[in-house]
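One structure is given below, encoded as structure tokens.
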Amino acid sequence: MTCSNLVFVKLVLLRLFFGLMNTSGAMGLFKKLDVGPLELGDYLAIGAIFSATDSVCTLQVLNQDETPLLYSLVFGEGVVNDATSVVLFNAIENLDIDNFDAIVLLNFVGKFLYLFFTSTILGVATGLLSAYIIKKLCFARHSTDREVSIMILMAYLSYMISMLLDLSGILTVFFCGIVMSHYTWHNVTESSRVTTKHTFATLSFIAEIFLFLYVGMDALDIEKWKLASSSPKKPIALSAIILGLVMVGRAAFVFPLSFLSNLSKKEARPKISFKQQVIIWWAGLMRGAVSIALAYNKFTASGHTEVRVNAIMITSTVIVVLFSTMVFGLLTKPLLSLLIPPRTGLNTSSLLSSQSMLDPLLTSMMGSDFDVGQINSPQYNLQFILTAPARSVHRLWRKFDDRFMRPVFGGRGFVPFVPGSPVERSVPESHLGTVTEAERS
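Okay, so the sequence shown: first residue is 19 according to the working numbering, each after it adds one.
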């Protein structure tokens with residue numbers, strides 16, 4: 019066994035040890051507080067509830083152009099965490115704790131995998147269907163209102179079908195959006211691309227504001243606070259325990275996995291620095307509306323005004339969400355300024371044309387033997403990197419995409435540029451060259 023394999027095994031065992039310690043410690047502390055009658059399934063559900071992170075505060079402060087790799091890691095992990103926590107929560111709800119054995123455990127794992135992959139496949143299929151419809155149907159061609167309507171309704175259709183089939187709606191919509199940004203968005207007219215970009219951005223902003231308002235109004239619900247007021251110290255103590263366990267569990271997750279990621283990279287490729295690891299750890303400490311929604315789903319079966327333990331768990335969840343959002347959120351900008359000082363005198367309009375901004379992503383895609391200084395040459399311009407990267411897996415996917423997928427579903431071509439589009443970037447035309455068929459292959 020090589021040294022790297024030994025390190026990998028040690029880190030896995032360390033991660034398992036921390037997980038068991040967290041679970042055992044949580045169960046012991048909860049029982050010591052005398053919160054109420056909680057079973058093993060309740061503890062597992064609580065773990066899934068507080069697995070959903072809210073990285074909005076960090077993403078708003080992070081500069082996507084200055085730190086593209088870090089921004090992608092924080093954004094991707096936040097989205098996947100929310101989707102996975104919902105899928106995991108649904109699988110735990112169907113877990114037979116009373117007759118728990120190896121068969122029940124296998125059924126649980128199978129249920130989780132079924133929900134995850136079925137939701138993913140449904141989202142991908144709906145996204146491809148939307149791309150094919152817009153590409154083929156004549157009545158929607160060159161009609162902005164119809165193209166935008168189809169894109170919105172198809173995304174909503176994926177969510178509705180997922181919920182009707184008892185799957186994960188958030189995971190389905192997530193992958194549907196990825197496919198639509200890769201294929202559908204490029205099949206519509208320029209006016210439709212501009213319209214959809216601003217429409218979805220506006221809807222996203224409104225939904226975000228609504229969620230914050232909902233959390234704030236929910237904190238003023240008097241009924242559950244009355245029931246929990248018989249022992250006001252318990253919700254506060256329970257919230258402090260949950261926050262502590264979240265911080266410890268987050269550290270046990272981020273730093274070992276970042277170490278493994280750096281260990282697997284060659285010397286010339288960019289690695290996740292310790293400061294970036296701290297930012298990733300910090301971004302995952304905040305909890306949001308998904309945690310509150312799952313808490314209500316779990317602890318309101320018989321009404322939170324009727325069962326004391328339900329009221330305590332919901333009030334504790336509200337306290338954790340409010341505290342993490344307000345306190346951790348307010349400290350996010352000073353922390354990022356301390357760890358990653360903002361660059362002075364940098365022209366944001368030309369950030370992506372700067373070689374220093376492209377280094378982390380280009381070296382990751384092209385491999386350690388790629389010289390980023392060759393980017394301005396015709397052979398290694400950005401267009402060539404996107405269409406024929408040297409990384410084998412990415413190259414195989416691009417070949418498959420060019421040969422089989424795009425002829426049927428359309429997709430990214432040399433379309434008129436829309437600033438801030440989902441997948442296009444503001445790259446000066448001087449950096450784009452002509453790609454020959456030999457370069458594509």
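Each residue gets a CB set at the ideal place from its N, CA and C atoms; glycine is no exception. This one's a predicted model, so the numbers in the text were calculated from it and none came from an experiment.
Query                                                                                                                                                                        : Result
Are D83 and M304 closer than 8 Å when you measure CB to CB?                                                                                                                  : no
Considering only residues of the same chain and omitting the five flanking positions on each side of S367, which have a CB-CB separation below 7 Å?                          : Note on S367: pLDDT 42, under 50, position unreliable in the model; the coordinate value appears next. Excluding residues within five positions, none has a Cβ falling inside 7 Å.
What would DSSP say about T207, mapped onto helix, strand or coil?                                                                                                           : coil
Tell me which same chain residues have a C-beta within less than 7 Å of the C-beta of G502, skipping the five on either side of it?                                          : Only positions 19 to 459 of the chain appear in the structure, and residue 502 is not among them; the question remains open.
May I ask which residues mark the beginning and end of the alpha helix (DSSP H) holding L80?                                                                                 : Careful: L80 lies outside any alpha helix (DSSP H) and carries neither H nor E.
Please look up how many angstroms separate the CB atoms of S148 and T202, rounded, as I've assumed it's under 8 Å.                                                           : 5 Å
To the nearest angstrom, how far is the alpha carbon of L356 from that of V296?                                                                                              : 11 Å
Could you check which residue in V345, V233, L133, F341 has the C-alpha nearest to that of D184?                                                                             : L133
I need the straight-line Cα distance from L353 to L175, nearest angstrom please.                                                                                             : 41 Å
From which residue to which residue does the alpha helix (DSSP H) around Y252 run?                                                                                           : Residue identity check: residue 252 is Lys in the sequence provided, not Tyr. Run containing K252: 251-282, per the alpha helix (DSSP H) assignment.
Report yes or no: do three or more beta-carbon pairs, one from the region 339-350 and one from the region 60-79, lie closer than 8 Å?                                        : yes
So, does the region 61-70 touch the region 310-319, judging by three or more C-beta pairs under 8 Å?                                                                         : yes
Out of K316, I179, G59, G145, state which residue places its alpha-carbon closest to the alpha-carbon of I168.                                                               : G145
For M265, I'd like the list of residues in its chain whose CB is within less than 7 Å of its CB, leaving aside the five on either flank, ordered along the chain.            : L303
If we call anything under 8 Å between Cβ atoms a contact, is T12 one with T318?                                                                                              : Shown here, the chain extends from 19 to 459; a query on residue 12 therefore has no answer.
In whole angstroms, give me the CA-to-CA distance for K50 and L80.                                                                                                           : 41 Å
Determine the DSSP secondary structure at K154, reduced to helix, strand or coil.                                                                                            : helix
Less than 8 Å between the C-beta atoms of V92 and A301, yes or no?                                                                                                           : yes
Decide if E57 is buried, meaning its Cβ has at least 16 other Cβ atoms within 10 Å, or exposed.                                                                              : exposed
Measure the C-alpha to C-alpha separation of F223 and H216 and round it to an integer number of angstroms.                                                                   : 10 Å
Pick from L182, Y177, S199: whose alpha carbon is nearest that of R190?                                                                                                      : Checking the displayed sequence, the identity of residue 190 turns out to be Thr instead of Arg. Of L182, Y177, S199, the residue nearest in Cα terms is Y177.
Give me, in chain order, the residues of the same chain whose beta-carbon lies closer than 6 Å to that of K289; leave out the 5 immediate sequence neighbours on both sides. : N280, K283
Tell me, to the nearest whole angstrom, how far the beta carbon of I139 is from that of G59; I am working on the premise that it is less than 8 Å.                           : Wrong, their Cβ atoms sit about 28 Å apart, outside the cutoff.
Please report how far the alpha carbon of T476 lies from the alpha carbon of L231, in whole angstroms.                                                                       : Here the chain has residues from 19 to 459 only, and residue 476 is not among them.
Which word fits A101, buried or exposed, when buried means at least 16 other C-beta atoms lie within 10 angstroms of its C-beta?                                             : buried
Would you report the Cα separation of I188 and G128, rounded to the nearest angstrom?                                                                                        : 20 Å
Relative to the alpha-carbon of A44, which residue among T335, I260, F271, I254 has its alpha-carbon at the smallest distance?                                               : I260
Helix, strand or coil, according to DSSP, for F68 in the structure here?                                                                                                     : coil
For the alpha helix (DSSP H) that E165 lies in, which residues bound it at each end?                                                                                         : 162-182
Given K153, which residues of its chain have a CB within under 7 Å of its CB, disregarding the five upstream and five downstream residues?                                   : N205, F427, G428
So for R509, helix, strand or coil by DSSP?                                                                                                                                  : Outside the shown range of the chain (19 to 459) lies residue 509, about which nothing can therefore be said.
Restricting to runs no shorter than 4 residues, where is the alpha helix (DSSP H) found entirely within the region 106-158?                                                  : 120-154
When you compare only the Cα positions, how much space is there between V212 and A307?                                                                                       : 29 Å
Leaving out five residues on either side along the sequence, give the residues of the same chain with a beta carbon under 7 Å from the beta carbon of Q292.                  : In the sequence on display, residue 292 carries Phe and not Gln. Here the set comprises nothing.
Checking 8 Å against the spacing of the C-beta atoms, do K252 and I67 come in under that value?                                                                              : no
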